[in-house]
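First up is the structure itself, then whatever we jot down about it.
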Amino acid sequence: MVNEQESVPRPDADAYDFAAIQEKWLPVWEERELFRAGREGDTRPRKYVLDMFPYPSGDLHMGHAEAFGFGDISARYWRHQGFDVLHPIGWDSFGLPAENAAIKRGADPREWTYANIAQQKRSFRQYAPSFDWSRELHTSDPEYYKWNQWLFLKLYEQGIAYRKAGQVNWCPNDQTVLANEQVVDGRCERCGAVVTKKALTQWYFRVTDYADRLLDDLNQLEGTWPSKVVSMQRNWIGRSSGADVEFEIEGRDERVTVFTTRPDTLYGATFMVVAVDSPLAAELAGGASAEVQRNFEGYLESVRAESDIDRLATDRPKTGVFLERYAVNPLNGERLPIWASDYVLADYGHGAIMAVPAHDQRDLDFARAFELPVRVVVDTNAPVTGVIPVIPTDADGNAIEPDDLPPLDPASTGVALTGEGRLINSGPLDGLSKSNAIRRAIEILDERGTGRAAKNFRLRDWLISRQRFWGTPIPIIHCADCGEVPVPESELPVRLPDAAGLDLKPKGTSPLGAAEAWVNVACPKCGGAAKRDSDTMDTFVDSSWYYLRYLNANDDTRAFDPAEAEKWAPVDQYVGGVEHAILHLLYSRFITKVLFDLGYLRFTEPFTSLLNQGMVLMDGSKMSKSKGNLVEFASELAAHGTDALRVTLAFAGPPEDDIDWADVSPVGSAKFLARAWRVAHDVTSAPEVDWSTGDRALRRASHRLLADAPGLAESYKFNVIVARLMELVNLTRKAIDQGPGPADAAVREAAEVTAMILDLFAPFTAEDMWQRLGYEPSVALVPWRKADPALLVEDQVTAIVQVDGKVRDRLEVSPKVSADELERLARDSVAVTRAIGEREIVNVIVRAPKLVNIATRG
1 MVNEQESVPR PDADAYDFAA IQEKWLPVWE ERELFRAGRE GDTRPRKYVL DMFPYPSGDL
61 HMGHAEAFGF GDISARYWRH QGFDVLHPIG WDSFGLPAEN AAIKRGADPR EWTYANIAQQ
121 KRSFRQYAPS FDWSRELHTS DPEYYKWNQW LFLKLYEQGI AYRKAGQVNW CPNDQTVLAN
181 EQVVDGRCER CGAVVTKKAL TQWYFRVTDY ADRLLDDLNQ LEGTWPSKVV SMQRNWIGRS
241 SGADVEFEIE GRDERVTVFT TRPDTLYGAT FMVVAVDSPL AAELAGGASA EVQRNFEGYL
301 ESVRAESDID RLATDRPKTG VFLERYAVNP LNGERLPIWA SDYVLADYGH GAIMAVPAHD
361 QRDLDFARAF ELPVRVVVDT NAPVTGVIPV IPTDADGNAI EPDDLPPLDP ASTGVALTGE
421 GRLINSGPLD GLSKSNAIRR AIEILDERGT GRAAKNFRLR DWLISRQRFW GTPIPIIHCA
481 DCGEVPVPES ELPVRLPDAA GLDLKPKGTS PLGAAEAWVN VACPKCGGAA KRDSDTMDTF
541 VDSSWYYLRY LNANDDTRAF DPAEAEKWAP VDQYVGGVEH AILHLLYSRF ITKVLFDLGY
601 LRFTEPFTSL LNQGMVLMDG SKMSKSKGNL VEFASELAAH GTDALRVTLA FAGPPEDDID
661 WADVSPVGSA KFLARAWRVA HDVTSAPEVD WSTGDRALRR ASHRLLADAP GLAESYKFNV
721 IVARLMELVN LTRKAIDQGP GPADAAVREA AEVTAMILDL FAPFTAEDMW QRLGYEPSVA
781 LVPWRKADPA LLVEDQVTAI VQVDGKVRDR LEVSPKVSAD ELERLARDSV AVTRAIGERE
841 IVNVIVRAPK LVNIATRG
């Protein structure tokens with residue numbers, strides 16, 4: 001709309017002053033709430049753009065600048081495309097860093113957390129992402145974590161939330177349990193301490209019930225999620241097919257189930273191994289001699305200090321304890337000695353394996369260490385394909401005589417036979433190939449009632465208990481008579497007590513247990529004395545569903561409105577770091593599927609499209625104070641301005657690539673912005689001018705960018721758009737300075753196109769340009785200009801003429817020029833004739849309308 005009565009003062013200064021421009025426009029945008037989504041009566045189609053919300057550990061940093069810059073480009077782009085865009089912001093404000101920082105400073109984690117949120121909010125305000133601030137949330141607010149507790153109770157009702165005893169990952173530094181996903185290379189992903197195992201009773205979510213769906217539904221995300229992330233999720237879920245085989249244990253009524261991917265090798269099993277830290281091992285050892293029991297206890301104590309990574313290492317000596325017990329092979333009735341060892345994990349399959357040493361390297365290493373039998377049941381020298389025998393050959397294609405084939409003797413060679421082959425020494429399976437033998441072995445087990453086809457997953461149930469203060473209290477009350485009693489929904493939230501007077505230092509049990517007035521309550525069922533559960537929830541519960549809370553952030557009557565979810569969700573564009581590829585994304589997908597099953601949602605995947613940004617480095621290394629290479633977000637913002645920072649990050653390369661701050665130039669970005677701003681300042685034509693009367697070449701450049709930018713934006717090629725904007729600004733500057741002049745209609749059109757597209761990257765500069773061009777705020781709400789198809793048709797193209805590979809001339813020709821005509825024009829060129837001289841033309845290659853290549857000799 002043309003600015004007839006300027007409601008915003010227009011400065012007289014002719015110089016580009018980013019600080020003054022920022023100070024001018026920030027209050028205007030905030031007062032008008034330009035980016036508030038879902039206004040009553042808004043009939044535009046909807047688009048949900050979401051950034052992974054920040055953790056408030058200090059001020060924003062360069063990684064935030066990059067990630068939230070890319071998210072804002074997407075949000076602004078879709079507004080220009082005519083969408084009502086929901087682009088909310090909040091803080092992932094519970095968790096260990098706040099609690100540890102508070103302990104170090106002797107402060108309340110609330111004070112530390114909310115002070116950091118206030119600082120980050122001030123920085124966000126300067127950085128100008130187009131957030132809908134009316135939906136701001138903090139996961140540490142009771143108004144938020146009330147709904148974490150509601151979600152827990154819904155999962156508890158369905159049996160998805162449950163409590164059990166077992167060996168869990170334990171961080172000795174943070175003194176809390178960790179989910180499998182929070183252990184990276186055997187260390188705590190938060191503090192880096194070596195993780196050990198500890199026997200505890202903890203709360204879990206049954207993620208494994210959803211393993212098949214979590215895996216299969218990744219097919220929906222192919223092409224819209226980075227392939228790396230899809231692969232990481234597939235590998236983490238880790239589905240494998242095989243059989244559950246039931247082994248009888250002498251002296252034990254209940255059978256032991258073993259999962260194996262190779263039931264075809266059952267005749268090669270010569271012993272059984274159970275995880276030393278499994279309940280089964282403890283039970284079996286309890287029935288052994290006093291000496292075995294002592295050996296077992298000593299061995300178990302030494303293993304507890306080992307990480308899973310260490311235990312699974314292939315290059316370490318195999319250790320174990322014979323439990324003086326025997327299992328019975330369900331196919332051949334053979335007695336198999338049972339050993340406890342650390343190379344089997346309690347949470348793999350059922351915590352026990354059948355050991356086939358001839359065909360598994362770890363089993364072979366164990367068998368050789370303890371002189372156990374090794375029986376070959378797969379002849380890896382036997383042909384396995386076709387109906388005609390396959391004759392083995394060497395690298396030169398010469399037939400290999402039988403005596404020259406590798407020996408089938410792993411016990412002597414120390415190398416397990418893991419290749420394909422045909423079954424031997426296996427009774428009814430003899431002569432079968434691997435796939436046929438697996439199928440037949442499962443049939444036999446099924447017929448005998450001792451096994452069945454089965455699947456196993458690397459994925460384990462999500463352990464959500466944490467022995468820390470700063471998190472969502474688990475809404476369960478423990479009563480001596482009634483057992484586990486859910487807190488009634490009407491009593492939610494179960495609020496955290498005041499931290500004052502509590503010792504928050506990690507000590508292996510939750511500090512909440514010492515808050516007697518808080519923990520001691522009456523049982524909701526019987527009214528007797530009872531205690532609250534003193535653990536808090538893993539903070540990944542908070543972030544597993546937060547995208548839904550934004551839909552009703554200020555509604556205290558429900559977690560979210562399914563009708564609003566129907567309007568807005570799933571998230572159309574999600575932006576964040578690849579470090580969350582497993583933890584956060586997997587848990588969000590799981591909770592979404594649970595809520596779908598409960599009837600609250602009508603979709604099963606939370607994030608339709610995912611963009612992972614790279615890291616911002618300095619001199620090739622990750623920024624850190626200790627390395628002395630830290631580039632501070634606040635100082636860069638003060639030195640160069642918001643827009644220069646945003647343009648620099650967008651222009652540096654594809655979003656998924658790392659950016660080395662030493663290789664980029666915010667100073668250069670600021671110069672480009674000043675140049676663009678000056679173009680708008682110099683335009684002298686009126687907003688009502690007829691653009692069609694303007695310079696055609698400049699108009700074509702503007703319209704080509706209008707036509708190309710949407711495809712570039714939707715494929716995240718933000719750097720290409722910035723480069724094209726720079727070209728357009730240069731062309732416009734040239735038109736102003738060298739003709740046709742600042743009054744030309746095409747100059748105004750180019751300036752307006754520049755302002756509109758520049759809003760994606762540099763909103764302050766774009767807004768000021770828009771006002772200088774005679775319009776009211778905000779350029780952020782201007783519909784995308786449509787390119788004129790007539791201006792996209794090239795009147796002429798440049799044809800390159802090469803002689804012997806060197807460019808000798810450039811010809812302006814019609815895009816419809818024929819090959820013969822183009823060759824004639826090339827031969828007639830004075831420059832080409834001079835370059836050929838007296839040499840003979842031996843070949844001419846014509847690629848009309850772009851290239852002529854003339855080859856000569858002589």
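Residue 1 is where the sequence shown starts when you use the UniProt record's numbering, and the numbers rise one by one after that.
Each residue gets a CB set at the ideal place from its N, CA and C atoms; glycine is no exception.
Note that this is a predicted model, so its numbers are computed, not measured.
Residue range of the unbroken alpha helix (DSSP H) whose run includes residue 218:
The count along the sequence shown starts at 1 and reaches residue 218 at position 218. Taken as a continuous stretch (DSSP letters only), residue 218 belongs to no alpha helix (DSSP H), as it is neither H nor E.
Would you tell me roughly how many angstroms separate the C-alpha atoms of residue 697 and residue 676, rounded to the nearest one?
Here residue 697 refers to the residue found at position 697 of the sequence shown. Here residue 676 refers to the residue found at position 676 of the sequence shown. Taking the straight line joining both Cα atoms gives about 19 angstroms.
Please classify residue 100 as buried or exposed, where buried requires at least 16 other C-beta atoms within 10 Å of its C-beta.
Here residue 100 corresponds to residue number 100 of the sequence shown, with the count starting at 1. Its Cβ being crowded by 16 or more others within 10 Å, residue 100 is buried.
Return the chain-ordered ranges of every beta strand (DSSP E) run that is complete within the stretch 261-317 and spans a minimum of 3 residues.
271-275
Where does residue 854 land, buried or exposed, given buried means 16+ other C-beta within 10 angstroms?
Here the question's residue 854 lines up with position 854 in the sequence shown. With 16 or more other Cβ atoms within 10 Å, it is buried.
Within this structure, are the beta carbons of residue 460 and residue 169 separated by less than 8 angstroms?
To locate residue 460, count along the sequence shown from 1; it is residue 460. To locate residue 169, count along the sequence shown from 1; it is residue 169. Result no, Cβ atoms of residue 460 and residue 169 do not sit closer than 8 angstroms.
Taking the straight line between their C-alpha atoms, what separation do you get for residue 87 and residue 543?
As a first step, residue 87 must be located in the sequence shown, where it is residue number 87. As a first step, residue 543 must be located in the sequence shown, where it is residue number 543. Approximately 16 angstroms between the Cα atoms of the pair.
Report the option in 53, 123, 50 whose CA atom is closest to the CA atom of residue 636.
Mapped onto the sequence shown, residue 636 falls at position 636. Nearest option by C-alpha distance: 123.
Do residue 375 and residue 358 have their C-beta atoms within less than 8 angstroms of each other?
Indexing the sequence shown from 1 puts residue 375 at position 375. Indexing the sequence shown from 1 puts residue 358 at position 358. Yes, these two residues count as a Cβ contact at 8 angstroms.
When you compare the CB of residue 55 with every CB in chain D, is at least one pair closer than 8 angstroms?
The structure shown has no chain D; it contains just one protein chain.
Here's the rule: buried if 16 or more other CB atoms are within 10 angstroms of the residue's CB, otherwise exposed. What is residue 790?
Counted from its first residue, the sequence shown places residue 790 at position 790. It is exposed - the Cβ of residue 790 has fewer than 16 other Cβ atoms within 10 Å.
Can you tell me whether residue 402 is buried or exposed, with buried defined as 16 or more other CB within 10 angstroms of its CB?
Looking up residue 402 in the sequence shown gives position 402. Residue confidence is low: residue 402 scores 49 on pLDDT, short of 50, so the model does not pin down where it sits. Its coordinate-derived value is still stated next. Answer is exposed; the Cβ neighbour count stays below 16.
Looking at residue 576 and residue 51, is the spacing between their C-beta atoms short of 8 angstroms?
By 1-based counting over the sequence shown, the position of residue 51 is 51. By 1-based counting over the sequence shown, the position of residue 576 is 576. Result yes, Cβ atoms of residue 51 and residue 576 sit closer than 8 angstroms.
As a quick exercise: from 323, 417, 347, 318, pick the residue whose alpha carbon is nearest that of residue 368.
One-based indexing of the sequence shown puts residue 368 at position 368. Closest option to residue 368, Cα to Cα, is 318.
Could you tell me which residues DSSP puts in a beta bridge with residue 473?
Along the sequence shown, one-based indexing puts residue 473 at 473. According to DSSP, which records beta bridges pairwise, residue 473 is partnered with 536.
Please state if the CB of residue 108 and the CB of residue 559 are separated by a distance shorter than 8 angstroms.
The residue labelled residue 559 in the question sits at position 559 within the sequence shown. The residue labelled residue 108 in the question sits at position 108 within the sequence shown. No.
On the DSSP letters alone, give me the boundaries of the alpha helix (DSSP H) that residue 153 sits inside.
To locate residue 153, count along the sequence shown from 1; it is residue 153. Its alpha helix (DSSP H) spans residues 142-157.
I believe residue 763 touches residue 813 by the beta-carbon criterion, under 8 angstroms. Please report the beta-carbon distance rounded to the nearest angstrom.
Mapped onto the sequence shown, residue 763 falls at position 763. Mapped onto the sequence shown, residue 813 falls at position 813. Not a contact, Cβ separation roughly 42 angstroms.
Going straight from the alpha carbon of residue 471 to that of residue 669, what length do you get?
On the sequence shown, residue 471 is found 471 positions in, with the first residue counted as 1. On the sequence shown, residue 669 is found 669 positions in, with the first residue counted as 1. For residue 471 and residue 669, the distance between alpha carbons rounds to 43 angstroms.
In or out: residue 793 buried (at least 16 other Cβ within 10 Å) or exposed?
Here residue 793 refers to the residue found at position 793 when the sequence shown is read from its first residue. Exposed: under 16 other Cβ atoms inside 10 Å.
Look at the alpha carbon of residue 847 and the alpha carbon of residue 701, and state the distance between them as a whole number of angstroms.
Along the sequence shown, read from residue 1 onward, the residue named residue 847 stands at position 847. Along the sequence shown, read from residue 1 onward, the residue named residue 701 stands at position 701. So the alpha carbons of these two residues sit roughly 25 angstroms apart.
Whether residue 454 touches residue 244 by CB criterion (8 angstroms):
Within the sequence shown, numbered from 1, the residue matching residue 454 stands at position 454. Within the sequence shown, numbered from 1, the residue matching residue 244 stands at position 244. A contact, by the Cβ cut-off of 8 angstroms.
Could you tell me whether the stretch 51-60 touches the stretch 89-98, where touching means 3 or more Cβ pairs closer than 8 angstroms?
yes
Where does residue 767 land, buried or exposed, given buried means 16+ other C-beta within 10 angstroms?
Start at 1 with the first residue of the sequence shown, and residue 767 comes out as number 767. Looking at its Cβ environment, which holds 16 or more other Cβ atoms inside 10 Å, residue 767 is buried.
Whose C-beta lies closer than 6 angstroms to the C-beta of residue 128 among residues of the same chain, with five residues either side of it excluded?
Here residue 128 is taken as the residue at index 128 of the sequence shown, counted from 1. For residue 128, where only same-chain residues beyond five positions count, the Cβ hits under 6 angstroms are 642, 763.
Cβ neighbour criterion (16 or more within 10 Å) applied to residue 721:
In the sequence shown, the residue the question calls residue 721 occupies position 721. Looking at its Cβ environment, which holds 16 or more other Cβ atoms inside 10 Å, residue 721 is buried.
Looking at the structure shown, is residue 225 part of a helix, part of a strand, or coil, going by DSSP?
The residue labelled residue 225 in the question sits at position 225 within the sequence shown. Here residue 225 sits in strand by DSSP.
Around the Cβ of residue 27, are there at least 16 other Cβ atoms within 10 angstroms (buried) or fewer (exposed)?
As a working note, residue 27 is residue 27 in the sequence shown. Under this definition residue 27 is an exposed residue.
Leaving out the 5 sequence neighbours to the left and right, which residues in its chain are closer than 8 angstroms to residue 856 when beta-carbon positions are compared?
The count along the sequence shown starts at 1 and reaches residue 856 at position 856. Cβ neighbours of residue 856 beyond the five flanking positions: 803, 804, 836, 839, 840, 841, 842.
Coil, strand or helix - residue 200 by DSSP:
Translated into the one-based positions of the sequence shown, residue 200 becomes position 200. Reduced to three states, the DSSP call for residue 200 is strand.
If we count the other Cβ atoms within 10 Å of its Cβ and call it buried at 16 or more, is residue 815 buried or exposed?
If you number the sequence shown from 1, residue 815 lands on position 815. Exposed, because fewer than 16 other Cβ atoms sit within 10 Å of the Cβ of residue 815.
Going by C-alpha to C-alpha distance, which of 594, 345, 286 sits closest to residue 304?
Here residue 304 refers to the residue found at position 304 of the sequence shown. The shortest Cα separation from residue 304 among 594, 345, 286 belongs to 345.
Using 10 angstroms around the beta-carbon of residue 781, count the other beta-carbons present and answer buried if the total reaches 16, otherwise exposed.
For the purposes of this step, residue 781 is taken as the residue at position 781 of the sequence shown. That one is exposed.
For residue 579, the nearest candidate out of 719, 226, 14 (CA to CA):
Translated into positions along the sequence shown, residue 579 becomes position 579. Ranking the options by Cα distance to residue 579, first place goes to 226.
Alpha carbon to alpha carbon, how far is residue 176 from residue 468? Give it in angstroms, no decimals.
On the sequence shown, position 468 is the one that residue 468 refers to. On the sequence shown, position 176 is the one that residue 176 refers to. Each residue's alpha carbon lies about 7 angstroms from the other.
Look at the alpha carbon of residue 690 and the alpha carbon of residue 727, and state the distance between them as a whole number of angstroms.
In the sequence shown, counting from the first residue as 1, residue 690 sits at position 690. In the sequence shown, counting from the first residue as 1, residue 727 sits at position 727. Spanning the two alpha carbons is a distance of roughly 24 angstroms.
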